[in-house]
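A quick write-up on the structure given underneath.
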């Protein structure tokens, strides 16, 4: 086939795809003319969605780091990771409830409660994640590849069930607010409460006319996530254990020969990934104000997509991918229809895996499937 | 000794079942226990004369049936008191226990004695035995008023789905975590084509083929993008499809399709040049409600046959035989497929894709056919399911459905069709029959005996009342099945010989090395 013909064919395919998107897109609320009109009418709305997207993206990025770290080292999709995040949400809600932080407006009490919740959520999730590795993955490390993946799915189901039972314990996680049903719990925005009780405005910037609102909670979530990511970067780049992790990711056997204890490194990886998910759990609770036993599935898949988008095994890529997915999801929620957001994120995942399996930013480990 | 242990195990399981279902259940349970115990034992016996074999397992029969009888009597006179039921009357209790215990022992002896015949005769004998049980089951169930048939039909649907998934996962080695998508496609095709939703009402016997064909095409369409992916990535993408497809069906409630050229592109260009558009917008579909969202499509047309008439919800017997027939056809078809050129190509791809493609197998075509064939069976399953419950609801096709089917395949034995049948029956029966009965049992037990005792301690009382519900632990059950099977017996209960060798390669390799070193 000569060049001209191929070019013509490609153009024809592109035109066909665009036509198909215009034709079928509106069924999935992807109605370009309407969206363009909305953006033209109220450009500041775009900024609002962007901010929401960045805050949620920071949470996704923290979860995505857990996927990417684990995949980098043992090439396993830790399917239960999203559910570990869900446990983080419930753990922090339980700590806040048991310390009486949910019903107070005393700023000192709130700060102490939140710090304790953060620490305990990190510890609980880290230990849980390491326990999952110990129970379900370690003995399958040399088994055929499908075996640990299936085991991981089983673990995900088990943790989801734990979350379901946890959500039902009204003595641990009270129904707070009006819409707290049996399965879905409200997670109060304590940072906002704290600022209000200090006579400060919890909204850093509001304007009713142009629909732009920046909350203190969003800002703190973004900053805190940034601190965790920088901390992780420092840990990976500059500590002995971090170096051991990088070495193990590059070549497990060679690392073993250099005297690195592989089991310790893998446990440390799971501890770190779980801890980040726990921190993300508290932040997600504060920012999105909800706790649901099934929330780990969606968050996990969004975060996994983020990790793949950034090139799985690539830490900076996972962070960037997290923010990107957060923004895409927020735009889809805002301009399209929240019902279809999951579909769009999966479509991105499939397209990336089909056309650029190494992710947008390249990957550190090859696909050894 | 091992036989005795097995007998104790089966006897106890049977006894627990009588705890849950009471009354006539001991008759049915006893016979099923006898046959399954016979099948489990005879696999380990050497071939001898039938009479000698039967004599050998007499102790097993005594142990298992004795335990069953003791537990059944215990249930009738002790347990019923604890959970606040009245014991079954003597005219039910005596014949039920007699049939259960004697029938169980008899069928156990027959099943084991069959092992004494030649291999071909044994197989025929077993088929006849199983055929008798299957044929008698719905009528016995009707007579004893247990109401199991309507639930067993769901298990059989999952058996069909498991056999389809087994083609993809077991034969071709492609982990598909979104298999429920094809089930959804089959069911929704049936729903759209045979309900009042959009004024198309076709005959079920036609729709079931259309549903299978649509599912097969969907298998190719969804399989195509995944061909370049391997292992985990493939699993995740199929999972993504498994999530998207139900979301699409859920949201197709307000379909508006406008032809873009006449609606936007040409008018837009004209507006750019300052002209007003005279074209009328070409609307293909306007506010079409295809799937009715959360409420689902309801009611769906049902199959009808001469002499039997239209299948109804009240009479489960025709449904039971219809799904049995579909499963028999599927077993026949899948066995033929497995032994065909295509089936061997699937297994070659599973073992080593590169080597297979060097031997002249086209991996693209082979994998696509695996997806498509696997999807076909869930198309049948979906069509039957839609017609059976007379409605299609989006909640039935979630990720957990895909995982339950996968559970069935893994529990039974990847790659072995009979293993998958057992796995599907066990998993789905546990889910639909056992757990609800267990829940009732616990509820009664709690309300009648435990909770009144705890009335003084309110917190404890509330916690116990809330958590003593086995249905709450449903996902835990499936999760544990997957994790434990992977850790303990990854080849499944009834493994495929090849697969078992593969999975235990790592354990056997050192032995080989050890034995060679001893020789040298």
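Residue numbers (this note's numbering), protein chains in the order written: chain F, 438 to 806; chain E, 2 to 521. Even for Gly, the Cβ is constructed at its ideal location relative to N, Cα and C. Remember, it's a predicted structure, so these values are computed and weren't measured experimentally.
Identity of the residue in the options nearest residue i by Cα
| i | options | result |
| --- | --- | --- |
| residue 137 of chain E | E/354, E/150 and E/125 | E/150 |
| residue 300 of chain E | E/194, E/337 and E/38 | E/194 |
| residue 725 of chain F | F/566, F/757 and F/628 | F/628 |
| residue 376 of chain E | E/334, E/218, E/39 and E/13 | E/218 |
| residue 723 of chain F | F/537, F/752 and F/625 | F/625 |
| residue 599 of chain F | F/798, F/767 and F/528 | F/528 |
| residue 406 of chain E | E/329, E/156 and E/487 | E/156 |
| residue 261 of chain E | E/416, E/142, E/180 and E/281 | E/281 |
| residue 381 of chain E | E/117, E/164 and E/248 | E/164 |
| residue 224 of chain E | E/238, E/487 and E/483 | E/238 |
| residue 227 of chain E | F/520, F/791 and F/795 | F/791 |
| residue 779 of chain F | E/294, E/316, E/355 and E/244 | E/244 |
| residue 756 of chain F | F/721, F/798 and F/787 | F/798 |
| residue 5 of chain E | E/67, E/17, E/21 and E/445 | E/67 |
Nearest-angstrom Cα separation, counted from residue j out to residue i
| i | j | result |
| --- | --- | --- |
| residue 384 of chain E | residue 319 of chain E | 16 Å |
| residue 390 of chain E | residue 702 of chain F | 52 Å |
| residue 378 of chain E | residue 765 of chain F | 37 Å |
| residue 339 of chain E | residue 183 of chain E | 21 Å |
| residue 115 of chain E | residue 175 of chain E | 38 Å |
| residue 412 of chain E | residue 490 of chain F | 42 Å |
| residue 42 of chain E | residue 673 of chain F | 56 Å |
| residue 710 of chain F | residue 505 of chain F | 9 Å |
| residue 469 of chain F | residue 767 of chain F | 17 Å |
| residue 57 of chain E | residue 694 of chain F | 57 Å |
| residue 307 of chain E | residue 482 of chain E | 44 Å |
Under the three-state DSSP convention, the category residue i falls into
| i | result |
| --- | --- |
| residue 529 of chain F | helix |
| residue 796 of chain F | coil |
| residue 729 of chain F | strand |
| residue 176 of chain E | coil |
| residue 542 of chain F | coil |
| residue 622 of chain F | strand |
| residue 298 of chain E | strand |
| residue 256 of chain E | strand |
| residue 311 of chain E | strand |
| residue 303 of chain E | coil |
| residue 317 of chain E | coil |
| residue 656 of chain F | helix |
| residue 404 of chain E | helix |
Exposure label - residue i; buried when at least 16 CB within 10 Å
| i | result |
| --- | --- |
| residue 677 of chain F | exposed |
| residue 368 of chain E | buried |
| residue 419 of chain E | exposed |
| residue 363 of chain E | exposed |
| residue 690 of chain F | exposed |
| residue 700 of chain F | exposed |
| residue 714 of chain F | buried |
| residue 458 of chain E | exposed |
| residue 687 of chain F | exposed |
| residue 542 of chain F | exposed |
| residue 616 of chain F | For residue 616 of chain F, the predicted model reports a pLDDT of 48, less than 50, meaning its position is unreliable; a value from the coordinates is still stated below. Exposed is the call here. |
| residue 78 of chain E | exposed |
| residue 311 of chain E | exposed |
| residue 660 of chain F | exposed |
| residue 45 of chain E | exposed |
| residue 751 of chain F | buried |
| residue 353 of chain E | exposed |
Contacts that residue i makes with chain E (C-beta to C-beta distance below 9 Å)
| i | result |
| --- | --- |
| residue 577 of chain F | 487, 488 and 491 |
| residue 608 of chain F | 460, 463 and 464 |
| residue 662 of chain F | In chain order: nothing, as chain E lies at least about 24 Å away. |
Interface partners of residue i on chain F, CB under 9 Å
| i | result |
| --- | --- |
| residue 238 of chain E | 783, 786, 787, 790 and 791 |
| residue 51 of chain E | The contacting residues do not exist; residue 51 of chain E stays about 41 Å from chain F at best. |
| residue 288 of chain E | Simply none; closest approach about 12 Å. |
Within chain F, partners of residue i - CB distance below 8 Å
| i | result |
| --- | --- |
| residue 248 of chain E | 776, 777, 779 and 780 |
Interface residues of chain F facing residue i [CB-CB closer than 7 Å]
| i | result |
| --- | --- |
| residue 352 of chain E | Ordered by position in chain F, no residue passes the 7 Å Cβ test against residue 352 of chain E, which lies about 11 Å from the chain. |
| residue 479 of chain E | 594 |
| residue 256 of chain E | 464 |
Closer than 7 Å: residue i CB and nearest the ligand FMN heavy atom
| i | result |
| --- | --- |
| residue 41 of chain E | This structure lacks the ligand FMN; in fact it carries no ligand of any kind. |
Beta carbons nearer than 9 Å to chain C: which residues of the region 377-410 of chain E have them?
Absent here is chain C; the protein component of the structure consists of chains F and E.
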